[in-house]
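In this text, residue positions in the sequence shown follow the UniProt record's numbering: the first is 1, and each later residue adds one. Glycine is no exception: its CB is placed at the ideal position from the N, C-alpha and C atoms. This one's a predicted model, so the numbers in the text were calculated from it and none came from an experiment. Below is one structure, written out as structure tokens; comments come after it.
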Amino acid sequence: MSMPRFSVIINTYNRAASLVRTLDALQRLRYPRYEIIVVAGPCTDDTLERLRPWLPHIRLGHCAETNLSRSRNIGLAMAAGEYVAFTDDDGLPEANWLDTLAQAFAADERLGAVGGYVRDHTGVAYQTRHIRCNRLGEARFFDHPPDTEDPDWFPSLIGVNSAFRRQAVQQVGGFDEEYAYFLDETDLCLRLLQAGWRIATVPGAEVHHAYAPSHLRSPQRVPTTLLPTARSKVYYALRHNAVQNPVPLAQRQRDDLLASVAHLQAAGKIGAEHAQRLRHDVVQGAREATYDAFAHPCGKTITLPDPDPAAFTAHAPLWQRQGHAAALRVALISRNYPPQPLGGIGRYTHTLARALAELGHEVHVIAQSPDPEPRTDFENGVWVHRITPCAHVPAPLADRPEPPATLRQWTHAVYQCARTLAQRLDVRTFVAALWDVEGYELAAQPGWQLYTYLVTSYQLSLPLRTDWQANPHYLQHHVQPAIQAEAWLLQHSTALLASTHAIANDVRTHYPQAAQQLAPLHHLPFGIDDDPAPTTANPGGGEPGVAQPGLTVLYVGRFEHRKGIDLMLQAVAELAPQYPHVQWRLVGNHTLPGPGGQPWPAYFAQQHHGQPWLQRVHVVGEVDDTALLDEYRRCDIFVAPSRYESFGLIYLEAMRAGKAVIAGANGGGAEIVTNDVGVCIPTPDAQPLIGALRTLIDQPALRCRLGQQGRQRYLDHYTAAAFARRVQALLGPVPERAVASVQQVPHAGAERSLSQSPPVALPDLTDILEASS
Numbered sequence: 001m002s003m004p005r006f007s008v009i010i011n012t013y014n015r016a017a018s019l020v021r022t023l024d025a026l027q028r029l030r031y032p033r034y035e036i037i038v039v040a041g042p043c044t045d046d047t048l049e050r051l052r053p054w055l056p057h058i059r060l061g062h063c064a065e066t067n068l069s070r071s072r073n074i075g076l077a078m079a080a081g082e083y084v085a086f087t088d089d090d091g092l093p094e095a096n097w098l099d100t101l102a103q104a105f106a107a108d109e110r111l112g113a114v115g116g117y118v119r120d121h122t123g124v125a126y127q128t129r130h131i132r133c134n135r136l137g138e139a140r141f142f143d144h145p146p147d148t149e150d151p152d153w154f155p156s157l158i159g160v161n162s163a164f165r166r167q168a169v170q171q172v173g174g175f176d177e178e179y180a181y182f183l184d185e186t187d188l189c190l191r192l193l194q195a196g197w198r199i200a201t202v203p204g205a206e207v208h209h210a211y212a213p214s215h216l217r218s219p220q221r222v223p224t225t226l227l228p229t230a231r232s233k234v235y236y237a238l239r240h241n242a243v244q245n246p247v248p249l250a251q252r253q254r255d256d257l258l259a260s261v262a263h264l265q266a267a268g269k270i271g272a273e274h275a276q277r278l279r280h281d282v283v284q285g286a287r288e289a290t291y292d293a294f295a296h297p298c299g300k301t302i303t304l305p306d307p308d309p310a311a312f313t314a315h316a317p318l319w320q321r322q323g324h325a326a327a328l329r330v331a332l333i334s335r336n337y338p339p340q341p342l343g344g345i346g347r348y349t350h351t352l353a354r355a356l357a358e359l360g361h362e363v364h365v366i367a368q369s370p371d372p373e374p375r376t377d378f379e380n381g382v383w384v385h386r387i388t389p390c391a392h393v394p395a396p397l398a399d400r401p402e403p404p405a406t407l408r409q410w411t412h413a414v415y416q417c418a419r420t421l422a423q424r425l426d427v428r429t430f431v432a433a434l435w436d437v438e439g440y441e442l443a444a445q446p447g448w449q450l451y452t453y454l455v456t457s458y459q460l461s462l463p464l465r466t467d468w469q470a471n472p473h474y475l476q477h478h479v480q481p482a483i484q485a486e487a488w489l490l491q492h493s494t495a496l497l498a499s500t501h502a503i504a505n506d507v508r509t510h511y512p513q514a515a516q517q518l519a520p521l522h523h524l525p526f527g528i529d530d531d532p533a534p535t536t537a538n539p540g541g542g543e544p545g546v547a548q549p550g551l552t553v554l555y556v557g558r559f560e561h562r563k564g565i566d567l568m569l570q571a572v573a574e575l576a577p578q579y580p581h582v583q584w585r586l587v588g589n590h591t592l593p594g595p596g597g598q599p600w601p602a603y604f605a606q607q608h609h610g611q612p613w614l615q616r617v618h619v620v621g622e623v624d625d626t627a628l629l630d631e632y633r634r635c636d637i638f639v640a641p642s643r644y645e646s647f648g649l650i651y652l653e654a655m656r657a658g659k660a661v662i663a664g665a666n667g668g669g670a671e672i673v674t675n676d677v678g679v680c681i682p683t684p685d686a687q688p689l690i691g692a693l694r695t696l697i698d699q700p701a702l703r704c705r706l707g708q709q710g711r712q713r714y715l716d717h718y719t720a721a722a723f724a725r726r727v728q729a730l731l732g733p734v735p736e737r738a739v740a741s742v743q744q745v746p747h748a749g750a751e752r753s754l755s756q757s758p759p760v761a762l763p764d765l766t767d768i769l770e771a772s773s
């Protein structure tokens, strides 16, 4: 038996921005056999322009009036599926929405309509679950189906999450077009029940309701008019109650709405003039509805045509269009995520999430909420679950070492969110970084897969963190327990992901207690998004020893010992007097304590007080992504003399901008910044950095060539799309055209000390120049 077809209908009016998000959510459904029909009202915004790119994949209808029921009927007449599902132009269905609705229809041939739960704009709290309505249009809301059904109250659905058997809707005449807005689906549900059909609500089919503003309500969800609401409320009561004198019933409905207006005004949500307009709407709407109820005793239903199977325009889900047999279901974990400031983990997680989503996969991110309350958002095709740490530390787990309390509060919150995703959406694959053991409680869970990305960890940081070593209490109660938890996680993850071979070797060297039983290890370098407007250096001319006008040297990184800020400042003090036209820009968190507890900028300014070249040293501090991108574009030489980077996204960012790079040779620096794209320097002191800077300042042609080759290296290996394809190849089957290289890292390899620079000599720049020509 073939899979039944769904027609998904969206009725829209002047909500272009939210409509596109709804379409994005719909193209990510798991169900493979559905069409999307958008019925646009008399829109005055850019709805039609925004729909143009979607037209190959959707069907477009038009409704000349702002009448929701008429618009719904236009969609029904176009629908070619056996089932029709409605969501709003600010609704965001979850991936399993149609699958769950289809199962309900298949289980009951007399099921005329079925809906699911609706979450509110927070994505966490429920707007509605189970609804019961009466013949006055009043509603009751239940978390669970009532234990005893009241015959005066019948099951009803909400329009943002409702589906109907087309045969049933055709039988009862579609939507009553007297309902321009409000109670339209309630009226239809009542007529379906009267015709002998059943109605159900299933928990698994969830839609998030974003509550976009409309022509009827403000962004604060305050009504701007009550005319259509009053018409519907009075008309509904008169249509579904047999009364000899309609006046008392109409007055009751009218008075209910007038009381609501008074409540809004008393609460300070509307002023006197606004309240007067709403009262006028209510009175006028009640009068018009009373007339219409008797002018159209059978309602304004229609005769729907039989569906035309040939008109069915299948909307291939994005995962199908990308050539996948099914979409991956994966949750990425990063405590920091936009709009919060990002470190390396948050940055690669954000990049990977969006890139996997562009390949059609079902992607979730578990991150910490910047607010006291959790929320779930749908952003760039990604479901972002912003959670808060547990208020109390849960009981220790018997099968694993206990991390510090503050980390455990977070890891348990991550586990609770992951468990919900596994139970509700069957998401059982997780990717987390080793830092802060974020995946600690996800490892060794039956049926789950945890991929742990190797990054600079507590153990790897310890030799370089003199502040930790000077604080015995913190070392004993936080650092050491975290290291023990790291070692356990390295052994019990499904697999380990190494962005460089260096980080893989360092982990083997510095976790001797885990080295013999490490989880399988794979080499998966990171990638980053391209700059939409990259610039590259101009080779120009110039004599050796003479700086070019406007030359800028850029440092990006925290002002701390591991990042080499001391080496950078020594180089600035040495070279700034010699090159009076060079600007030095230092970007990153500059508030961290340096020598004697002073921040590094203050210490540096004190050491060189009165020097005229200080005016060319610009401590920029932390900046947002847009400003950082501009810093890369404007610089000529990029410097990050880090004593250790497990990978070094900053190197890629500079290569993407087409700039020559000077990197520390420890960790991943030497793998990313090879001789044809930049210079890797040992970091025991500042002399190698000073020499590399002097040579690149003096040789503009070399700078340009290194920058151009760095840009090409980025395009060939380190784009966000390449990153996502590598992860895709590891986590699941991929189409032949998208095969990426994923290498398993051999357990044999050179071991070296993390805290000391490897014996890497400063490359001869003449050789570099010859090699790159």
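Identify the continuous beta strand (DSSP E) that holds residue i and give its terminal residues.
{"i": "isoleucine 345", "result": "Per DSSP, isoleucine 345 belongs to no beta strand (DSSP E); it is in the alpha helix (DSSP H), 344-358."}
{"i": "proline 307", "result": "No beta strand (DSSP E) contains proline 307, which DSSP labels as neither H nor E."}
{"i": "serine 7", "result": "6-12"}
{"i": "leucine 29", "result": "Leucine 29 -> no beta strand (DSSP E), and no H or E assigned at all."}
{"i": "valine 677", "result": "Counting along the chain, valine 677 falls outside any beta strand (DSSP E), and DSSP gives it neither H nor E."}
Mapping DSSP to helix, strand and coil, what is residue i?
{"i": "proline 481", "result": "helix"}
{"i": "proline 151", "result": "coil"}
{"i": "arginine 110", "result": "coil"}
{"i": "isoleucine 158", "result": "coil"}
{"i": "tyrosine 440", "result": "coil"}
{"i": "cysteine 63", "result": "coil"}
{"i": "valine 207", "result": "strand"}
{"i": "isoleucine 672", "result": "helix"}
{"i": "proline 133", "result": "The residue asked about is misnamed: residue 133 is cysteine in this sequence, not proline. In the structure shown, cysteine 133 sits in a strand (DSSP, three-state: E or B)."}
{"i": "glutamine 583", "result": "strand"}
{"i": "tyrosine 83", "result": "strand"}
{"i": "histidine 522", "result": "strand"}
{"i": "phenylalanine 142", "result": "strand"}
{"i": "residue 783", "result": "Residue 783 lies beyond the range of the chain shown here (1 to 773); nothing can be said about it."}
Classify residue i as buried or exposed, calling it buried when 16 or more other Cβ atoms lie within 10 Å of its own Cβ.
{"i": "asparagine 241", "result": "exposed"}
{"i": "proline 223", "result": "buried"}
{"i": "residue 780", "result": "Absent from the structure is residue 780, since the part of the chain shown begins at 1 and ends at 773."}
{"i": "proline 403", "result": "buried"}
{"i": "glutamate 631", "result": "buried"}
{"i": "valine 243", "result": "exposed"}
{"i": "glutamine 220", "result": "exposed"}
{"i": "tyrosine 291", "result": "exposed"}
{"i": "aspartate 308", "result": "exposed"}
{"i": "valine 546", "result": "Low local confidence applies: a pLDDT of 46 at valine 546 is under 50, so the model's placement there is unreliable, and no value is given."}
{"i": "serine 218", "result": "exposed"}
Assuming residue i is part of the alpha helix (DSSP H), what are its boundary residues?
{"i": "valine 619", "result": "Valine 619 -> not in any alpha helix (DSSP H); beta strand (DSSP E) instead, spanning 617-621."}
{"i": "asparagine 73", "result": "68-78"}
{"i": "asparagine 505", "result": "501-510"}
{"i": "glycine 691", "result": "687-698"}
{"i": "threonine 719", "result": "Where threonine 719 is concerned, there is no enclosing alpha helix (DSSP H), given that its DSSP letter is neither H nor E."}
{"i": "glutamate 273", "result": "272-295"}
{"i": "tryptophan 383", "result": "Not the alpha helix (DSSP H): tryptophan 383 falls in the beta strand (DSSP E), residues 382-387."}
Determine the contact status of residue i and residue j, defining contact as a CB-CB distance below 7 Å.
{"i": "glutamate 653", "j": "glycine 667", "result": "no"}
{"i": "leucine 434", "j": "glutamate 486", "result": "yes"}
{"i": "serine 18", "j": "aspartate 90", "result": "yes"}
{"i": "leucine 496", "j": "alanine 443", "result": "no"}
{"i": "glycine 174", "j": "leucine 60", "result": "no"}
{"i": "valine 556", "j": "isoleucine 650", "result": "yes"}
{"i": "aspartate 184", "j": "lysine 300", "result": "no"}
{"i": "arginine 165", "j": "glycine 112", "result": "yes"}
{"i": "arginine 694", "j": "alanine 660", "result": "no"}
Quiz item: Within the chosen definition, does the region 96-110 reach the region 323-336 through at least 3 CB pairs nearer than 8 Å?
Solution: no
Practice problem: Count the CB pairs spanning the region 84-98 and the region 344-353 that are closer than 8 Å, and state whether there are at least three. | Solution: no
Quiz item: Between the region 129-147 and the region 381-393, are three or more C-beta pairs nearer than 8 Å?
Solution: With a cut-off of 8 Å, the region 381-393 and the region 129-147 do not count as touching, because too few Cβ pairs lie within range.
Exercise. Evaluate contact between the region 584-593 and the region 677-688, counting only Cβ atoms and requiring at least three cross-stretch pairs below 8 Å.
Key: no
Quiz item: Are the region 279-287 and the region 148-159 touching, with three or more C-beta to C-beta distances below 8 Å?
Solution: no
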